[in-house]
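In this note's numbering, the protein residues as written are -19 to 167.
What follows is a short report on a single structure.
Have a look at this one:
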C-alpha cells in the first residue's frame, strides 16, 4: 500500500519593484517547497490590464530581459524571464509608460502557481556622482533684500535622461567661517 503525497505548488507571496537609470527590477518571495526542475516565469506588457497568459502558454518560450524581445505568449505579453532566480531586471522600457508584470512558478510537470502581478510606471532616473555637476555661480540677491529666490548656474558632465528635474537647495550657504561653505545649514 503506497501513500501519495500531494505537495502544493509554492506561492509567490510578495512582489517588489525598484528602478534605476536603465531598468526596472522585480523581486519576489515565495512560500512552499521549490522542487528540482521548477522555474519562475515573468511576463510583462504595456498598460495596466491583467496578464492573461496561463501555464499552457509556457511550453516552448524564450525569455529576454529586453522588453518586447522574448516570446509573446498573448498579444502584447512578453516573456522577460524564465529561470530559478527570484529577481529580474527588465530593460528596453519607455519612460513614462505604465506596465503590468506577472510572476508564475512552473514546476517540472508544467503546473503553475497562481500569478502575482504588479503595475508600474517606468521612470528613468539620472544618478549624479561627485564630479558629474559643477556649480559655476550662485546669485542669492536676485530679488534684493529679503529675497526668496536664488539663481544657480551649473554645468553637467553626464548625459541627463529626458524629463529629468534637478532640484537644488542653497542649504549650507550661510557662512560660519570666512571663505567656506557654512556648516550651520544643510549637510
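A virtual CB, placed ideally from N, CA and C, is assigned to each residue, including glycine.
What you are looking at is a predicted structure, and each value in this text was computed from that prediction instead of being measured.
With 16 other Cβ atoms within 10 Å as the buried cut-off, status of residue 15: Residue 15 comes out exposed.
Can you give, in chain order, each stretch of the beta strand (DSSP E) that sits fully within the segment 3 to 57 and has at least 3 residues? DSSP runs (the beta strand (DSSP E)) wholly in the segment 3 to 57: 4 to 11, 19 to 26, 52 to 54.
Going by beta carbon distance, what residues of the same chain come within less than 6 angstroms of residue 69, once the five residues before and after it are set aside? Contacts found: 3, 5.
Residue 138 vs residue 113 beta-carbon contact at 9 angstroms: Yes; because the gap between Cβ atoms is below 9 angstroms, this pair is in contact.
Determine the contact status of residue 84 and residue 23, defining contact as a CB-CB distance below 9 angstroms. The Cβ atoms of residue 84 and residue 23 sit closer than 9 angstroms to each other.
CB residue 50 to CB residue 60, shorter than 9 angstroms? Residue 60 sits close to residue 50, with the two beta carbons spaced by under 9 angstroms.
Status (buried if at least 16 other CB within 10 Å, exposed otherwise) for residue 62: Looking at its Cβ environment, which holds 16 or more other Cβ atoms inside 10 Å, residue 62 is buried.
Does the distance from the CB of residue 78 to the CB of residue 99 come in under 9 angstroms? Yes, the pair counts as a contact, with Cβ atoms nearer than the cut-off.
Spatial neighbours of residue 134 within its chain, please: C-beta separation below 7 angstroms, excluding the five flanking residues on both sides. Taken in chain order, the residues that qualify are 113, 114, 115, 116.
Can you round the beta-carbon distance between residue 93 and residue -8 to whole angstroms, since I take them to be within the 8 angstroms contact cut? Cβ atoms of residue 93 and residue -8 come within 8 angstroms of each other, at about 6 angstroms.
For residue 46, which residues in the same chain have their Cβ closer than 7 angstroms to its Cβ, ignoring the five residues on either side in sequence? Hits under 7 angstroms: 71, 72.
Helix, strand or coil: how does DSSP classify residue 67 here? Three-state DSSP puts residue 67 in a strand.
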